[in-house]
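Notes to accompany the following structure.
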Amino acid sequence: MSIVIIRQDDKIELWKEALQRAAPDISIYSYLEEHPADEITMALVWKNPKGTLSQYPNLEYIASSGAGVDFLFEDETTPKNLPITRVVDAMLASDMSEYVLAAIFSYLKRFYQYKINQTKSLWKPEQYRRIADYTVGILGLGALGTALAKDLVRFGFKTQGWSNSRKKIDKVTAFAGKDELAEFLGSSEILACLLPLTNATAGILNKELFNQLPKGAFVINAARGGHLVDVDLIEMLDSGQLSGATLDVFHQEPLSSDHPFWQHEKIHITPHYASVSDTDSVVPQIIENYRRMQHGELLTNLVSTDKGY
Ligand code: GLV
224 MSIVIIRQDD
234 KIELWKEALQ
244 RAAPDISIYS
254 YLEEHPADEI
264 TMALVWKNPK
274 GTLSQYPNLE
284 YIASSGAGVD
294 FLFEDETTPK
304 NLPITRVVDA
314 MLASDMSEYV
324 LAAIFSYLKR
334 FYQYKINQTK
344 SLWKPEQYRR
354 IADYTVGILG
364 LGALGTALAK
374 DLVRFGFKTQ
384 GWSNSRKKID
394 KVTAFAGKDE
404 LAEFLGSSEI
414 LACLLPLTNA
424 TAGILNKELF
434 NQLPKGAFVI
444 NAARGGHLVD
454 VDLIEMLDSG
464 QLSGATLDVF
474 HQEPLSSDHP
484 FWQHEKIHIT
494 PHYASVSDTD
504 SVVPQIIENY
514 RRMQHGELLT
524 NLVSTDKGY
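Taken in order, the sequence shown gives residues 224 to 532; the numbers are from the numbering used here.
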């Protein structure tokens, strides 16, 4: 009974040390070191290389070390019928909320425009609007969207959210299902996408959706690059239907240096850093699930394989 950590960035040792500190009794391996494949019962993964999970004949459980699990469903070699969990963590949620708030306030106070003006040594006070002037719409009211909605309410934004099934959050107007999407979009002057990426949500940020937003709306995508149709965003920005976009996630990451987004004045790019799992905050739920698995108990933060999140 051991854990293997599989990820392609430079954080394997960080995770291994944090897990080992919390649970010195468990054998924990990096997939890059020599390790007994048949002893592995749990894999802690983040964007694992395709095919890596099928090397473990006794694998019982797959844990994503982030909120997203889309990479597991996109990999047709991911073993079927094993429980998959994702991270639901207060720090991950507050980090995301702070990111979206930073983007909204930068837009509100025209910081993005001033950065452009600065490159031209241009002193030009721009008109601004206030918190109370905006309705912010959140696509996706899961753990992250709900935390953001509460923060927006706290700051005094008119706040509304859209989700598959209706959510109830104090002072947040909740829309649900396909039938209510148009009404939700029609009054979202700032739109933040925090949806999980599934077959149902891939490409949802497209021309048809953008055209239903109020003219000049601002879009923030901190979910997944696969939600956005890149050419549609550029077209909508160039036509003035959208006034700007802050993007943290892309179809291909890192974003290739010749991608047109880099040079677009109205697109503000960050390198998929809006909300990154903090090992100390997340490790307890990973260890808790390992112990539950050992005792045959129900795991926490289980993903629905039907829904894909
Ligand atoms: C980050 O993108 C995550 O899914 O945790």
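Even for Gly, the Cβ is constructed at its ideal location relative to N, Cα and C.
Under 7 Å from any heavy atom of the ligand GLV, does the C-beta of Leu-525 make it? No, since every heavy atom of the ligand GLV falls outside the 7 Å radius drawn around the Cβ of Leu-525.
Does the structure place the stretch 370-381 close enough to the stretch 484-502 that three or more beta carbon pairs sit under 8 Å? The answer is no - the stretch 370-381 does not touch the stretch 484-502, with fewer than three Cβ pairs under 8 Å.
Range of the contiguous alpha helix (DSSP H) that encloses Met-224: Note, Met-224: premise wrong, no alpha helix (DSSP H); not H, not E.
Could you name each continuous alpha helix (DSSP H) segment of 4 residues or more that falls completely within the stretch 425-511, going from the start of the chain to the end? Runs of the alpha helix (DSSP H) inside the stretch 425-511: 430-433 and 453-462.
Got a sec: is the Cβ-Cβ distance from Ala-325 to anything in chain D below 8 Å? Absence of chain D from the displayed structure is noted, only one protein chain being present.
In angstroms with no decimal places, state the Cα-to-Cα distance between Ser-317 and Val-310. Approximately 13 Å, taken between the alpha carbons.
Which ranges does the beta strand (DSSP E) cover as unbroken runs of at least 3 residues, wholly within the stretch 353-432, from first to last along the chain? Within the stretch 353-432, the complete beta strand (DSSP E) runs of at least 3 residues are 358-362, 381-386, 395-399 and 413-416.
Would the stretch 442-461 count as touching the stretch 397-417 if we require 3 or more Cβ pairs under 8 Å? Below 8 Å, enough C-beta pairs join the stretch 442-461 and the stretch 397-417 to call them touching: three or more.
In whole angstroms, give me the CA-to-CA distance for Asn-271 and Ile-229. Distance between the alpha carbons of Asn-271 and Ile-229: 5 Å.
Output needed for Leu-371: all residues of its chain with C-beta closer than 7 Å, excluding positions within five of it in sequence on either side, in chain order. Excluding residues within five positions, the ones whose Cβ falls inside 7 Å are Met-319, Ser-320, Val-323, Ile-361, Ala-415 and Leu-417.
Taking 7 Å as the cut-off, is the C-beta of Ala-366 nearer than that to any heavy atom in the ligand GLV? Short note on Ala-366: C-beta not closer than 7 Å to any heavy atom of the ligand GLV.
So what's Tyr-322 in DSSP terms, helix, strand or just coil? Reduced to three states, the DSSP call for Tyr-322 is helix.
Residues in its own chain within less than 6 Å of Lys-539 by CB, not counting five upstream and five downstream? Residue 539 falls outside the range modelled here, since the chain spans only 224 to 532, and no answer is possible.
Are the beta-carbon atoms of Lys-430 and Glu-458 separated by less than 8 Å? For Lys-430 and Glu-458, yes; Cβs fall inside 8 Å.
Compare the beta carbon distance of Ile-249 and Val-268 with 8 Å and say whether it is the shorter of the two. When the beta-carbon positions are compared, Ile-249 and Val-268 stay at least 8 Å from each other.
Please say whether Thr-308 and Val-526 have beta carbons closer to each other than 8 Å? Thr-308 sits close to Val-526, with the two beta carbons spaced by under 8 Å.
Ordered along the chain, which non-local residues of its own chain (more than five positions away) have a Cβ less than 7 Å from that of Met-265? Within the same chain, Met-265 has close Cβ partners Ile-226, Glu-283, Tyr-284, Ala-286, Tyr-513 and Met-516.
Round the Cβ separation of Gly-291 and Leu-420 to the nearest angstrom and send it over; I've been treating them as touching at under 8 Å. With a beta-carbon spacing of about 7 Å, Gly-291 and Leu-420 fall inside the 8 Å limit used to define contacts.
Along the beta strand (DSSP E) that carries Ala-286, what are the first and last residues, could you check? Start and end: 284-287.
Considering only C-alpha positions, which residue in the set Leu-255, Met-224, Pro-247 and Glu-520 is nearest to Gln-231? Answer by Cα proximity: Leu-255.
I'd like to check one pair, Ser-386 with Ala-399: are the Cβ atoms closer than 8 Å? Yes, they are a contact pair.
Contact check, Leu-502 vs Ala-241, beta carbons under 8 Å: Checking the displayed sequence, the identity of residue 502 turns out to be Thr instead of Leu. Yes, the pair counts as a contact, with Cβ atoms nearer than the cut-off.
Nearest neighbour of Glu-476, chosen from Ala-468, Gly-289, His-487 and Gly-448 [CA to CA]: Looking at the Cα atoms, Gly-448 is the closest of the given residues.
Mind checking Asp-233: buried by the 16 CB within 10 Å criterion, or exposed? When all chains shown are included, Asp-233 counts as exposed.
Spatial distance of Leu-276 from Asn-434 (CA atoms): The straight-line gap from Cα to Cα measures roughly 42 Å.
Which residues, in chain order, sit with a beta-carbon under 5 Å away from any heavy atom of the ligand GLV? Listed by chain position, these are Gly-289, Ala-290 and Gly-291.
Go to Thr-342, then tell me how far its alpha helix (DSSP H) extends in each direction, as first and last residue. First-last of the alpha helix (DSSP H) with Thr-342: 334-342.
Taking the alpha helix (DSSP H) that Trp-269 belongs to, which residues open and close that run? Counting along the chain, no alpha helix (DSSP H) covers Trp-269; the unbroken beta strand (DSSP E) around it starts and ends at 263-269.
Backbone CA spacing between Asp-453 and Leu-460 [nearest angstrom]: The C-alpha of Leu-460 is placed about 11 Å away from the C-alpha of Asp-453.
For Phe-473 and Asn-422, what's the separation of their Cα atoms in angstroms? When rounded, the distance between both Cα atoms is 17 Å.
Using the beta-carbon count (16 or more within 10 Å), is Thr-469 buried or exposed? Under this definition Thr-469 is a buried residue.
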